[in-house]
Amino acid sequence: MNYEKKTHKPLNPVKSTNFFSKLFFTYTAKLFLKGYNKELIESDIYQVLPSYESKQLGQKLEKEWTKQARNNRNSLPHLLFKCFGKEYFLLVLTLIIPLTLTAVKPRLTKRFILYFASDRTTFPKSEACAYGALLVLVEFATVLYVNNFDRRIITFSLKIRAGLTSLIYRRVLDLKSVSIGRSVNLITKDVSEFEEFLLMVTLMLRDVLNILVLCYVLYTEAGWLFVILIFIIVTAVTISGILAFFVKKLQVRTLAKTDMRLQTTKEVLGGISLIKYYQWGDYYQHKIQEIRKKEVSLLTKVFILLSTSIIISSSVIDFSWYIIVVGLIFSGVKSNVGTLFVILNSLNALRLPLQHVLPRAVLEFATIIAAITRIENFLRATSRNIDEPSTNIPLLSVKTPHVEFEYSSGITAITGPVGGGKTYFLTILAKEDMKSFAYASQEPWLFPATIKQNILFGSGFDQARYLEVLRVCALLDEVQDSTVVADKGANLSKGQQARINLARAVYKDCDVYLIDDCLCHLDVMVADFVYEECLRKFLKDKITLVVTQNVQHIGNSDRLVTIENGTIKSDDKQLVKKKFTTKENTTTETKLVENLEADDNVYQEVKASGKVKLEAYQKYLEACDGISKIFGIFFLVVLTQVLKTSVIKLQANWIRTEQLIFKNSTTTKALENRQRMIYVLPILIIAATVLFIVNTTLYWFLAKKASISIHKLLLSKIVNSSIEFFNSHFAGNILNRFSEDMLYLDEFVPRTFYDMLRNIAATTGIIILAATVNVYFLIACLAFGAIIITLRMIYIRTGRALKRLEFSTRSPLVGHINATLEGLATIRISKQQNLQREEFDKRQNLYTSASYMYMTCEKAFHFTIDSCGVCFSTFAIILFLVLDEDISSDNVGLGLLQIFLLTITQQFLCRSWTRLENYMTTVERILQYTKQKQENENGVVVTNWPSQGEIRYEHVYFGYNTTNVLNDLNFVVKSKTKFAIVGRTAAGKTSLTSLLFRPYGFKGHIFIDNVDIATLSLDLLRSNVFIISQESTLFSGSLRDNIDPTKKFSDDEIWQALKMVHLAGLFQSLEDKICQDTKLSAGQERLVCLCRAIVRKSKVVILDEVTANVDSDTESVIHSVISSSFGDSTVIVITHKFRYILGFDNVLVLDNGTVAQVGDPRRLLEDRNGIFYKLYEKNHKQ
45 MNYEKKTHKP LNPVKSTNFF SKLFFTYTAK LFLKGYNKEL IESDIYQVLP SYESKQLGQK
105 LEKEWTKQAR NNRNSLPHLL FKCFGKEYFL LVLTLIIPLT LTAVKPRLTK RFILYFASDR
165 TTFPKSEACA YGALLVLVEF ATVLYVNNFD RRIITFSLKI RAGLTSLIYR RVLDLKSVSI
225 GRSVNLITKD VSEFEEFLLM VTLMLRDVLN ILVLCYVLYT EAGWLFVILI FIIVTAVTIS
285 GILAFFVKKL QVRTLAKTDM RLQTTKEVLG GISLIKYYQW GDYYQHKIQE IRKKEVSLLT
345 KVFILLSTSI IISSSVIDFS WYIIVVGLIF SGVKSNVGTL FVILNSLNAL RLPLQHVLPR
405 AVLEFATIIA AITRIENFLR ATSRNIDEPS TNIPLLSVKT PHVEFEYSSG ITAITGPVGG
465 GKTYFLTILA KEDMKSFAYA SQEPWLFPAT IKQNILFGSG FDQARYLEVL RVCALLDEVQ
525 DSTVVADKGA NLSKGQQARI NLARAVYKDC DVYLIDDCLC HLDVMVADFV YEECLRKFLK
585 DKITLVVTQN VQHIGNSDRL VTIENGTIKS DDKQLVKKKF TTKENTTTET KLVENLEADD
645 NVYQEVKASG KVKLEAYQKY LEACDGISKI FGIFFLVVLT QVLKTSVIKL QANWIRTEQL
705 IFKNSTTTKA LENRQRMIYV LPILIIAATV LFIVNTTLYW FLAKKASISI HKLLLSKIVN
765 SSIEFFNSHF AGNILNRFSE DMLYLDEFVP RTFYDMLRNI AATTGIIILA ATVNVYFLIA
825 CLAFGAIIIT LRMIYIRTGR ALKRLEFSTR SPLVGHINAT LEGLATIRIS KQQNLQREEF
885 DKRQNLYTSA SYMYMTCEKA FHFTIDSCGV CFSTFAIILF LVLDEDISSD NVGLGLLQIF
945 LLTITQQFLC RSWTRLENYM TTVERILQYT KQKQENENGV VVTNWPSQGE IRYEHVYFGY
1005 NTTNVLNDLN FVVKSKTKFA IVGRTAAGKT SLTSLLFRPY GFKGHIFIDN VDIATLSLDL
1065 LRSNVFIISQ ESTLFSGSLR DNIDPTKKFS DDEIWQALKM VHLAGLFQSL EDKICQDTKL
1125 SAGQERLVCL CRAIVRKSKV VILDEVTANV DSDTESVIHS VISSSFGDST VIVITHKFRY
1185 ILGFDNVLVL DNGTVAQVGD PRRLLEDRNG IFYKLYEKNH KQ
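Each number in our numbering comes from the position in the sequence shown (counting from 1) with 44 added on.
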């Protein structure tokens, strides 16, 4: 989220180019030249075209959706029709052009063939040349129209995608409950379906019209027999429709599994440290992988059904020709070579729509219905209504307009027990429209950007105010504002996170400041300094509401409001002030912070360049259960093509036979050949069909294995990566691998790879058949192939780079949604929704422009190779006319048939080959994340370890990057003692205890029961040391899954733990679901986490600030649990509260990463000059 830096992109040349440049795609030449000479980078992406801008499209859709909502007629198809229907209708009107060309082409072909069957006296060669020239002209006109139409419809679909994505994000900001998995899947999967759907449904409309024209042609040639063809087509479409019904159901189930997988993956990434420390990695890997298996199994069924539909349609074409010819024979109609080849050519023209377009369109109809349903349900979901309680507490007994509460200037302290409704009280106050609010949440929300950008949060930069805010929040000397914050501020201490979170709120000039207990994460001196300098002085003329349990802060407030069980129990406006001073300043002289700006895109990825490495193909093929299996599939594909080629050759021989019979009906040999072919041809067709079904089904099962295996590899490598990986990679980038990259892996890569195998076999078969007509065709085919390969080499550098850019510019969208959902409360209360929309729209504009560039360049490439195909057809027609005396009409018909098929098939082969490399960049991106540094899990396994739990640090040094945060630590924690660690904020307390889990390398030695932990296996170490971290991390699932997911402990043990922390009455069953809608207070979440430690009974237990944001009663419960449940454990407690400090056996005072004091707390109090004494005195006053 970069709210400062503005970038200037080059203008898209299509905006200023002329009509002919657009028509012939010449405006892409400069981009191809640049892409050929160098690797394209993000700065090369053009400005988004005005009509594709995310903001205006999102506003347009949102306005219309709101209008429909007022009339209770919300419908996504109606919404799209109202906003984009006119533009789409005008595009569809142009379909009259290909209809005319389709009607003319068979006639021209027939007349051209009949020239070679005539005696040349009645059919002059000049007329044949004219028909040949017209045939070429029709071919080129078709190429020109189809590529321009496809470009228009594909780029038009980008508008739909951009508009819907923007609309969904706007709803994310407004909905009551949103999950990251569902949101990401809607944008990466469901919205993307509209791109494919619009293309396929438009092609279907075009092809349906073409089918009607071709049916008329067939009627004129075959008479009443064309009725049989209609019956067969209707039957095939009906079967496809039935299959589509099942596909729709499968798609809905598949998408639900995808949502669940992405949501669980997001939670794992968010709580990765705990998952590692608790040794829950295997459990969550298994859980996600099981969801993945079900997801891919359902998807495989979808593609098998689709393939079945394609196979049926393919067989229909071959059987149709057979039935028509046999029907003509038995009806006594004699047909010449021209008629039979026109019928065969017309049926082959139907092959593409019936075999590919119609089945795919039927599938897309089924898919889009599921997508529309999911998007409509999301858009219709309940909007956020602050009048409804979002927790399990009763509604506050307040009103007008949302709360009956009279604001007063100064500090209003809000206190009360855990779960009483304090946070909810602030949220309903923020609904007031008459005032402006700033909000600092209890759990700090930071987003991936620089510290400066986190603080400014879209506000204008006022250097004087900015520096003062840094000072009063005790940040001026502690951090550099150019530092880029990791997800959730993982590269900062909890205290630093809290102060940056507070600084963002106080930097904003508002009427009311809502501070939700964010000072609880600070040590007493820093907390007092911030309270005095920031809340009391800097905001002295403002209305400030502070949720706090700090007695001194409460006593020095101007007003006290107590909230309990969702009710304002008391409102004391006459507090007696106590003298409040800060004896020790936590900051020094003001100095100008370094105003460095980070890169405009913090989600910038390390992008591969050049060719997709052979390793990506190798890994994918190995994941398909071995390269040998793929060769086996290719062998079956070749065998299928041999049968199909035999069918084509047999059809040509049959036409030759019918020509002989047409000239001489008494030819015995010809009649015998006809009789033999009547029986042989259907056998070959059936054999080819069966083999097609077998190899397609086997292939999709191999593709299924690849999808599952690669996902498993990625998940395993991510979960087992070192902590440094997560500190340097944003969740948005990682989630992108598991969302849209995985979508390409599941669908586009296997489909394109299989198409390429089929096209290789088909092209080879056609070339062989063409060579049987004339050897010159073999030379021409090879030359044509060489030209196509050369053009591909020129295109692929640009196309591959643009595809990589398209993928990499999508990561910021996912990352932005993730950050938005984590900070929704802050965004809403601060009324920064517009700012978030603008930032999202900016990121989407970049993604849309990259997609537009890729799609237009791809269509320019297709136009070029299609034009080469026209040149090849021209050569063939000229060759036929030159060799007119030496070539028969049936060979001309077969040659033309094969030439037309070859131009299409070679183009498809080149396209699939090119697309495969473009799509393989997703495999490359996924594999890139499987090469990250893994944790070293090796080590010795010591039996009965640890038996006592004694911990010893010897000369321990540790730092992040080049800066040490711990220096020469030497101390001992005796077994079964209660050991407290105290110190100022960011002194290194959490880093000190985290080293017991070996997340990072460090210098020195740490011993537990005289065993160096560096020598132990990671599994043994982490299984015997337990931590409750500063953040209360809960996962979607049952209560049991959150306490004991591996099911090592009995229900009775878990219930006993819940009773100890006074939570047993809150739940009915251990299977009660904990999810996003289950609103527990921060204190209740902390107690659930404490239950994990109680049932685990580890010899070493670390409690990191477990009492930071709880009331005194809950603090007493926690300390009671420490005394009663961890008697046999060595307990290390990091704390800023000193209420129970004298009850600890020993205390370590950490100061700037060094041990300042260590020993019995009572003895440490004797040193009145020591840090411990000063901290104790400060806390004791509270």
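All C-beta atoms, glycine included, are put in the ideal place defined by N, C-alpha and C.
Take residue i and list the residues in its own chain whose beta-carbon comes closer than 6 Å to its own, dropping the five residues that flank it on each side.
| i | result |
| --- | --- |
| Val1144 | Gly993, Val1069 and Thr1174 |
| Ser1125 | Val462 and Gly463 |
| His565 | Lys538, Gly539, Ala542 and Ala1152 |
| Asn535 | Asn771 |
| Lys104 | Cys127 |
| His1049 | Glu998 and Asp1056 |
Counting only the same chain and skipping the five closest in sequence on each side, list residues whose C-beta sits under 7 Å from that of residue i.
| i | result |
| --- | --- |
| Pro150 | Val261, Val386, Asn389 and Ser390 |
| Gly315 | Thr1077 and Phe1079 |
| Val936 | Ile157, Phe160 and Phe924 |
| His52 | none |
| Leu759 | Gln329, Ile332 and Gln333 |
Among the candidates the options, whose CA atom is the shortest distance from the CA of residue i?
| i | options | result |
| --- | --- | --- |
| Ile677 | Pro990, Tyr743 and Thr987 | Tyr743 |
| Thr229 | Phe409, Leu787 and Asp531 | The identity of residue 229 in the sequence shown is Asn, whereas the question assumes Thr. Considering only alpha carbons, the answer is Leu787. |
| Ile204 | Phe238, Cys912 and Ser672 | Phe238 |
| Ile1215 | His860, Val656, Pro1043 and Met569 | Met569 |
| Asp36 | Asp567, Cys554, Thr494 and Gly502 | Because the chain here runs from 45 to 1226, residue 36 falls outside it and cannot be looked at. |
| Asn764 | Tyr1217, Tyr321, Glu666 and Pro794 | Tyr321 |
| Val136 | Ala863, Ile197, Arg117 and Pro94 | Ile197 |
| Arg1066 | Cys901, Ile1146, Gly1127 and Ile823 | Ile1146 |
| Tyr327 | Asp1085, Lys903, Arg969 and Thr344 | Asp1085 |
| Leu1036 | His755, Val1009 and Arg1028 | Val1009 |
| Leu865 | Ala147, Tyr132, Val216 and Ser375 | Val216 |
| Ile838 | Phe64, Leu313 and Lys78 | Lys78 |
| Glu487 | Val1154, Leu1062, Ser893 and Phe1046 | Val1154 |
| Pro990 | Val967, Ser1073, Lys1141 and Pro1089 | Lys1141 |
Tell me which residues share the same chain as residue i and place their Cβ nearer than 8 Å to its Cβ, disregarding the 5 neighbours each side in the sequence.
| i | result |
| --- | --- |
| Thr631 | Summary for Thr631: the model assigns pLDDT 39, below 50, so the residue's position carries little reliability; its value from the coordinates is reported in the next sentence. Cβ neighbours of Thr631 beyond the five flanking positions: Arg515, Ala518, Leu520, Asp521 and Phe573. |
| Gln307 | Ser223, Ile224, Gly225, Arg226 and Ser1080 |
| Asp555 | Lys479, Ser480, Phe481, Lys586 and Ile587 |
| Lys977 | Ser765, Ser766, Glu768 and Phe769 |
How is the alpha helix (DSSP H) around residue i delimited, first residue to last?
| i | result |
| --- | --- |
| Leu878 | According to the sequence provided, residue 878 is Asn. The question's Leu does not apply to it. Gln877 to Val926 is the extent of the alpha helix (DSSP H) around Asn878. |
| Ala34 | Examination of residue 34 is not possible in this model, given that the chain is present from 45 through 1226 alone. |
| Phe770 | Ile767 to Ser772 |
| Ala869 | Leu868 to Ile873 |
| Arg214 | Lys169 to Val216 |
Taking the beta strand (DSSP E) that residue i falls in, what are its first and last residues?
| i | result |
| --- | --- |
| Ser485 | Note, Ser485: premise wrong, no beta strand (DSSP E); not H, not E. |
| Tyr557 | Val556 to Asp560 |
| Pro1012 | Reading off the sequence, residue 1012 comes out as Asp, not Pro. Note, Asp1012: beta strand (DSSP E), Thr1007 to Val1017. |
| Tyr1004 | Ile995 to Tyr1004 |
Kindly provide the ranges of any alpha helix (DSSP H) runs that are 4 or more residues long and lie completely inside the segment 238-284, ordered along the chain.
Secondary structure remark: continuous alpha helix (DSSP H) runs of at least 4 residues inside the segment 238-284: none found.
So does the segment 194-208 actually touch the segment 126-144, counting three or more Cβ pairs closer than 8 Å?
The count of Cβ pairs closer than 8 Å, one atom from the segment 194-208 and one from the segment 126-144, reaches three, so the stretches are in contact.
Assess contact between the segment 356-363 and the segment 726-736, defined as three or more Cβ pairs (one per stretch) separated by less than 8 Å. Is contact present?
The segment 356-363, when compared against the segment 726-736, does touch it at the 8 Å Cβ threshold.
Sufficient close CB pairs (3 or more, under 8 Å) joining the segment 492-506 to the segment 541-550
Contact holds between the segment 492-506 and the segment 541-550, because three or more Cβ pairs, one in each stretch, are under 8 Å apart.
Enumerated in chain order, which unbroken segments of the beta strand (DSSP E) with a length of 3 residues or greater are wholly contained in the segment 1090-1167?
With a minimum length of 3 residues, the continuous beta strand (DSSP E) runs that stay inside the segment 1090-1167 are 1144-1148.
Mind listing, in chain order, the continuous alpha helix (DSSP H) runs of no fewer than 4 residues lying wholly within the segment 928-991?
Whole alpha helix (DSSP H) segments, 4+ residues: 933-972.
Entirely enclosed beta strand (DSSP E) segments - the segment 1055-1088, minimum 3 residues:
Look at the segment 1055-1088 and you find these whole runs of beta strand (DSSP E), each 3 residues long or longer: 1069-1072.
For the segment 1055-1065 against the segment 980-992, do three or more pairs of beta-carbon atoms, one drawn from each stretch, fall closer than 8 Å, so that the two count as touching?
The answer is yes - the segment 980-992 touches the segment 1055-1065, with three or more Cβ pairs under 8 Å.
Is the segment 958-978 touching the segment 1013-1027, taking contact as three or more C-beta pairs under 8 Å?
No, the segment 958-978 is not in contact with the segment 1013-1027.
Does the segment 811-828 touch the segment 911-920, meaning 3 or more C-beta pairs lie closer than 8 Å?
Verdict: yes, contact present.
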